[in-house]
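Numbering-wise (the working numbering), the first sequence opens with residue 9 and increments by one.
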Amino acid sequence: MGGVRTALYNYLYAKQHGGDFILRIEDTDSNRFVPGAEEYIIEALRWCGIYPDEGVDAAGNVVCSPSERHPHAPYRQSQRRGIYRQYAEQLVDSGHAYYAFDTAAELEEARARAEAQGQTFIYNHLTRGDLRNSLTLPRAEVKRLLAERTDWTVRFMMPEDRVVQMDDLIRGHIEVHTATLDDKVLWKRADELPTYHLANIVDDHLMEITEVIRGEEWLPSLPLHYLLYEAFGWQDSQPRFAHLPLLLKPVGNGKLSKRDGDKLGFPVFPLRWTSPTGETSRGYREDGYFPEAFVNLLAMLGWNPGTEQEIFSLDELVQAFSLDKVGKSGAKFNPDKAKWFNREYLRMRSDKELAALFLPILKEKGVEADPAFVQDVVALIKERATFVQDFWDIAHYLFVAPTEFVQKDVDKFGKPETYAAALEAMEHSTADTLENYVREHGMPMGKVMNCIRLGLSGAASGLAIADILRFIGYDEGLRRLRCLGSRLG
RNA sequence: GGUGGGUUCGUAUAACGGCUAGUACUCAAGAUUUUCAUUCUUGCAAUAGGAGUUCGAUUCUCCUACCCACUACCA
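In structure tokens, the structure reads:
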């Protein structure tokens, strides 16, 4: 959900300003590659109606060769490997970065040592002079290690004493002192890939990105990114940044996680997701949400139009969206409100559309129904439903006779004298005269009618009896009531 | 621990430094409905705490508290 919202805000911003929305796959961590994840992202965006202008075409294919429509291809960072090394080396040459030869084990040891003394190990201006890197080793040794070993990295040389002045489109001016920052790894020889920081800056520059709208978790690395633009001499074309508030779990504190969804009964994925280990997580699509409702509720999580309008189409969102109406604090997700959005969208759908969606469900239940009949049913029940899937629960007895009767209702309305009155009323009336008959013969209206409803639908609560009879026919109604009678003995 | 960010009803949010702090969801009550749901009406409910600036602070400044993120050869 969080990822989709970020993509949505980027899309809205881009479209509003006549820009392009580019989908770039940031897969620079070979250890964390998840098969199917990329296809999933593309499909999820497509379901939401978000089509990238670049990166992938409308069919979801990732374009790998530069073309007029995809001038910045390829769009997978794993396929841009060759691009990054020169930029990393450029930073070393200009004195903004250095080669580091410390092994993972050595660094771990350093961390453990520091922790034993109640301190935190940080690779920075205080420690880099004591570690194995191109700043401390003789030039010849560096040359040898570079050639012989395959596990070195390029680290950014964080300035010791500077205050980085930054501006965020949502949060305003921010200042950070560089002494509190560390020498981040920019490039890894082991897999010939950059880390996010380098890849992001280089690609945003190459792809002519003008605005970066991302999650708040990136705010702490914004100083590094500013410094990288500066080191490359790209300050003039540096994009503007906006850091979005996080999506929080509905109860308690902390980020929204899929665990919360499972526990509280709502999806946290746009589409059903099956992880490589076989775990599946439910999705909004499969739960029956309309994509328009999903997009709408996501848009309202952290942003507001400044008016009291709550229902927005994607096009309306493009018009109305504004970064300065995006809030600064984390937004707790409210599952009830999510359902409300879907209810609103369900009501906006025409009876014909809803009938078309209900028909396959009926078929699954073994019911072959006339589309016109189904459409009439939908017209009657749509106000009672949140999802199309609810239709069957609400109106199954308009299609098939009940086989079960709610025991609690049978106890309450299935007494012999009540049933006798109900049967008499049905036998001596028509759909139009039933109510009058009950009244004129002094029968207890509530009891008798509920007994009839119990016979017709299997429960004492539900649709109006007149409506049920209109759909199933009076004779069928009488038959069902007698069927209930035989059950009662 | 350090750095950064944040804090208005339970939740999402509104309010040029100025009406009785508004709206939606949830919840409760009532009306309608022979039942349930819908619908309508009404109601409950908030500026984290403390200083300061000001005629006046939800709004600006500082302090405290709490929450979150980051602190990886992850993004």
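For each residue, glycine too, the CB sits at the ideal point set by N, CA and C.
It should be emphasised that the depicted structure is a prediction, and the values quoted were computed from it without experimental measurement.
Task: Segment limits, alpha helix (DSSP H) that includes leucine 504 - done: Since the first residue shown for the chain is 9 and the last is 497, residue 504 is missing from the structure and cannot be characterised.
- [ ] Assuming alanine 92 contacts valine 100 (C-beta within less than 8 Å), just tell me the rounded distance between them.
- [x] Within the first sequence, the letter at position 84 stands for residue 92. Within the first sequence, the letter at position 92 stands for residue 100. Looking at the sequence itself, residue 92 is tyrosine, so the reference to alanine does not match. Tyrosine 92 to valine 100, Cβ: 13 Å. No contact.
Open item on the list: Please report the straight-line C-alpha distance between valine 408 and serine 358, rounded to a whole angstrom.
Closed with: For the purposes of this step, residue 408 is identified with residue 400 of the first sequence, where counting begins at 1. For the purposes of this step, residue 358 is identified with residue 350 of the first sequence, where counting begins at 1. Spanning the two alpha carbons is a distance of roughly 25 Å.
TODO: Kindly list the residues whose CB is nearer than 7 Å to the CB of threonine 438, restricted to its own chain and excluding five residues on each side of it in sequence; keep chain order.
DONE: In the first sequence, the residue the question calls residue 438 occupies position 430. The residues are Tyr482.
Task: Ordered list of beta strand (DSSP E) runs contained in the region 159-244, each at least 3 residues - done: 161-164, 171-176, 180-185, 193-196, 219-223
Open item on the list: Here's a check: name, in chain order, each residue in its chain whose Cβ is nearer than 8 Å to the Cβ of proline 343, leaving out the five neighbours to either side.
Closed with: Numbered from its first residue, the first sequence carries residue 343 at position 335. Cβ neighbours of proline 343 beyond the five flanking positions: Pro258, Leu272, Gly273, Phe274.
Task: C-beta atoms of aspartate 417 and alanine 380 nearer than 8 Å - done: Here residue 417 refers to the residue found at position 409 of the first sequence. Here residue 380 refers to the residue found at position 372 of the first sequence. Contact flag unset, no.
Task: Stretch-stretch touch, CB-based, cutoff 8 Å, three pairs: the region 118-134 with the region 235-252 - done: no
Task: Strand pairing of asparagine 141, partner residues [DSSP] - done: Your numbering for residue 141 matches position 133 in the first sequence. DSSP lists Ala108 as partners of asparagine 141.
TODO: Would you kindly check if the distance between the Cβ of methionine 174 and the Cβ of asparagine 132 is under 8 Å?
DONE: Walking along the first sequence from the start, residue 132 turns up at place 124. Walking along the first sequence from the start, residue 174 turns up at place 166. No, they are not a contact pair.
TODO: Tell me, please, which residues DSSP counts as bridged to isoleucine 30.
DONE: For the purposes of this step, residue 30 is taken as residue 22 along the first sequence, with counting starting at 1. Looking at the DSSP assignment, isoleucine 30 forms a beta bridge with Glu62.
Task: Sequence-distant residues of the same chain with beta carbon closer than 7 Å to glutamate 412, five excluded per side - done: Taking the first sequence and counting its residues from 1, one reaches residue 412 at position 404. Hits under 7 Å: Gly466.
Open item on the list: Whole angstroms are fine: how far does the CA of threonine 161 sit from the CA of leucine 134?
Closed with: Numbered from its first residue, the first sequence carries residue 134 at position 126. Numbered from its first residue, the first sequence carries residue 161 at position 153. Between leucine 134 and threonine 161, the C-alpha separation is close to 19 Å.
Open item on the list: Which same chain residues end up closer than 8 Å to valine 382 when comparing Cβ atoms and leaving out the 5 residues on each side of it in sequence?
Closed with: If you number the first sequence from 1, residue 382 lands on position 374. Excluding sequence neighbours, valine 382 sits near Ala363, Phe366, Leu367, Leu370.
- [ ] State the CB to CB distance for the pair leucine 194 and threonine 203, rounded to an integer number of angstroms; the pair is presumed to be in contact (CB under 8 Å).
- [x] Position 186 of the first sequence holds residue 194. Position 195 of the first sequence holds residue 203. That belief holds up - the Cβ atoms of leucine 194 and threonine 203 are roughly 6 Å apart, short of 8 Å.
- [ ] Provide the residue(s) that pair with histidine 251 in DSSP beta bridges, ordered along the chain.
- [x] As a working note, residue 251 is residue 243 in the first sequence. Answer is Arg222, bridged to histidine 251.
Open item on the list: Does serine 421 come out as helix, strand or coil in the three-state DSSP assignment?
Closed with: Residue 421 sits at position 413 when you count from the first residue of the first sequence. A small fix is needed here, since residue 421 is phenylalanine in this sequence, not serine. Three-state DSSP puts phenylalanine 421 in a helix.
- [ ] Tell me, please, which residues DSSP counts as bridged to lysine 263.
- [x] Along the first sequence, one-based indexing puts residue 263 at 255. Answer is Leu256.
TODO: Could you spell out where the alpha helix (DSSP H) holding glycine 90 opens and where it closes?
DONE: Residue numbering aside, residue 90 sits at position 82 when the first sequence is read from its first letter. Taken as a continuous stretch (DSSP letters only), the alpha helix (DSSP H) holding glycine 90 covers 89-101.
TODO: Less than 8 Å between the CB atoms is what I'm expecting for glutamate 219 and proline 247, so what's the real figure, rounded?
DONE: Here residue 219 refers to the residue found at position 211 when the first sequence is read from its first residue. Here residue 247 refers to the residue found at position 239 when the first sequence is read from its first residue. About 6 Å separates the two Cβ atoms, so the contact holds.
TODO: Provide the residue span of the alpha helix (DSSP H) that contains glycine 497, from first to last.
DONE: In the first sequence, the residue the question calls residue 497 occupies position 489. Per DSSP, glycine 497 belongs to no alpha helix (DSSP H) and is neither H nor E.
Task: DSSP state of glycine 286 mapped onto helix, strand, coil - done: Counting from one through the first sequence, the residue named residue 286 turns up at place 278. Three-state result, glycine 286: coil.
Open item on the list: Relative to the C-alpha of serine 102, which candidate in Arg163, Ile402, Ser86, Gly497 has its C-alpha closest?
Closed with: Position 94 of the first sequence, counting from 1, holds the residue named residue 102. It is Arg163.
Task: Nearest to leucine 322 (by Cα), restricted to the options Gly335, Phe298, Gly314 - done: Start at 1 with the first residue of the first sequence, and residue 322 comes out as number 314. Closest option to leucine 322, Cα to Cα, is Phe298.
Open item on the list: Please identify the residue among Ile49, Leu309, Asn208, Gly338 whose C-alpha is closest to the C-alpha of tyrosine 95.
Closed with: In the first sequence, the residue the question calls residue 95 occupies position 87. Checking every option, the nearest Cα to that of tyrosine 95 belongs to Asn208.
Open item on the list: Taking 8 Å as the threshold (C-beta atoms), are leucine 177 and proline 231 in contact?
Closed with: Mapped onto the first sequence, residue 231 falls at position 223. Mapped onto the first sequence, residue 177 falls at position 169. Against a cut-off of 8 Å, the Cβ pair of leucine 177 and proline 231 comes out as no contact.
Task: For phenylalanine 341, the three-state DSSP class (helix, strand or coil) - done: Locating residue 341 in the first sequence gives position 333, where the first residue counts as 1. Note: phenylalanine 341 maps to coil in three-state DSSP.
Task: Whole-angstrom distance between leucine 388 and isoleucine 476, CA atom to CA atom - done: Residue mapping note: residue 476 aligns to position 468 of the first sequence, counting from 1. Residue mapping note: residue 388 aligns to position 380 of the first sequence, counting from 1. In a straight line, the C-alpha of isoleucine 476 is about 10 Å away from that of leucine 388.
Open item on the list: Along the chain, where does the alpha helix (DSSP H) containing lysine 151 start, and where does it finish?
Closed with: Translated into positions along the first sequence, residue 151 becomes position 143. Segment 147-156, the alpha helix (DSSP H) holding lysine 151.
- [ ] Determine the closest residue to glutamate 484 out of Phe329, Glu435, Asn458, with distance taken between C-alpha atoms.
- [x] Locating residue 484 in the first sequence gives position 476, counting from the first residue. Among Phe329, Glu435, Asn458, the Cα nearest to that of glutamate 484 is on Glu435.
Task: Selection from Leu227, Leu279, Ile402, Pro60 that minimises the alpha carbon distance to arginine 290 - done: Here residue 290 refers to the residue found at position 282 of the first sequence. Selected option, being the one with the closest Cα: Leu279.
Task: glycine 11 - containing alpha helix (DSSP H), residue span - done: In the first sequence, the residue the question calls residue 11 occupies position 3. Unbroken alpha helix (DSSP H) run through glycine 11: 10-24.
Task: Minimum C-alpha distance to asparagine 312 - residue among Glu294, Arg293, Lys336 - done: Your numbering for residue 312 matches position 304 in the first sequence. Here the closest residue by C-alpha is Lys336.
TODO: Report all residues from its chain with a CB closer than 6 Å to the CB of proline 74; omit the five preceding and five following residues, and keep chain order.
DONE: On the first sequence, residue 74 is found 66 positions in, with the first residue counted as 1. Counting only Cβ-Cβ distances below 6 Å, and skipping sequence neighbours, we find Ala81.
TODO: Could you work out which residue in Ala124, Arg136, Trp226, Ile130 is closest to phenylalanine 109 when comparing CA atoms only?
DONE: Mapped onto the first sequence, residue 109 falls at position 101. Closest option to phenylalanine 109, Cα to Cα, is Arg136.
Task: Proximity to asparagine 39 [Cα-Cα], best of Glu200, Ser469, Lys455, Asp270 - done: Position 31 of the first sequence, counted from the start, is the residue given in the question as residue 39. Looking at the Cα atoms, Glu200 is the closest of the given residues.
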